[in-house]
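The letter at position 95 of the sequence shown is residue 1166 when you use the numbering used here, and the numbering goes up by one with no holes.
No residue lacks a Cβ here, since even glycine has one placed at the ideal position from N, Cα and C.
All values reported here derive from a predicted model rather than from experimental measurement.
For reference, the structure is listed below as structure tokens.
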Amino acid sequence: MFFALIILLSGIKGYGQLTVTSNLTASQYVDFLVGSGITYSNAVYTGAATSIAKFTTGATNTNLGLTSGVVMSTGFVIPVTTSFPIGSPAVNFNDEITNGGTDANLQNLVSSNISDVAKIEFDFIPVSDTIKFRYVFGSEEYLEWVGTNYNDVFGFFISGPNPAG
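Now the structure itself:
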């Protein structure tokens, strides 16, 4: 089964204690995403190296609803390398990158051109009949740009023999 996690974010405001680790390989990010017991192959990250990192929240509760994960952005996630106190926005996510990347699957979802894609793709064989994902999508630009040609796009794309079940 082929799985592609594709995120196009122009910016995120994160609150809470985030510890961010960057400069990992695509396989290291996928290891962090899938956890133990899942065998995968062909991990590939496409996007700016400064647009992906793994994060943990530590013992502090946040409004993310997740204690760890991978953050991808069309902006820089690397400046967020220190912990931010609860209630303080981590606004460095919204700095602009113009790497020009695009994706055909995402392009099929919107009528305007897309750019600055950050995506991670990998193959895996599920060990049961159910796959579960937890994610948070954020857009720093939403209020200013909703209904314009500058909308943020996010997608999970799953393919393989009978992916609908």
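Nearest by alpha-carbon distance to residue i: which of the options is it?
i: Ser-1112; options: Ile-1191, Leu-1214 and Gly-1226; result: Ile-1191
i: Thr-1127; options: Tyr-1213, Ala-1119 and Phe-1103; result: Phe-1103
i: Gly-1218; options: Ser-1183, Tyr-1116 and Ser-1230; result: Ser-1183
i: Ala-1114; options: Gln-1099, Lys-1125, Ile-1123 and Ser-1122; result: Gln-1099
i: Ala-1235; options: Asp-1200, Thr-1096, Ser-1093 and Leu-1214; result: Asp-1200
i: Gly-1146; options: Asn-1179, Ser-1186, Asp-1174 and Ala-1175; result: Ser-1186
Rounded to the nearest angstrom, how far is the Cβ of residue i from that of residue j, given a contact under 8 Å?
i: Gly-1226; j: Leu-1177; result: 6 Å
i: Phe-1195; j: Thr-1131; result: 31 Å between Cβ atoms; not a contact.
i: Glu-1211; j: Tyr-1221; result: About 12 Å separates the two Cβ atoms, so there is no contact after all.
i: Gly-1118; j: Val-1188; result: 6 Å
When DSSP labels each residue in this structure, what does residue i get in the three-state scheme?
i: Glu-1121; result: It is Thr, not Glu, that sits at residue 1121 in the sequence shown. DSSP places Thr-1121 in helix when its eight states are reduced to three.
i: Ala-1130; result: coil
i: Asn-1113; result: strand
i: Asp-1223; result: coil
Since residue i is in the alpha helix (DSSP H), which residue starts that stretch and which ends it?
i: Asp-1102; result: 1097 to 1105
i: Ala-1235; result: Element bounds for Ala-1235: n/a, residue is neither H nor E.
i: Glu-1211; result: Unbroken run through Glu-1211: none, as it is neither H nor E.
i: Leu-1177; result: 1175 to 1178
Can you check whether the C-beta of residue i is within less than 8 Å of a C-beta belonging to chain B?
i: Glu-1215; result: In the structure shown, chain B does not exist; there is a single protein chain.
Could you spell out where the beta strand (DSSP E) holding residue i opens and where it closes?
i: Ser-1139; result: 1139 to 1143
Between the stretch 1116 to 1127 and the stretch 1137 to 1149, do at least 3 Cβ pairs fall closer than 8 Å? yes
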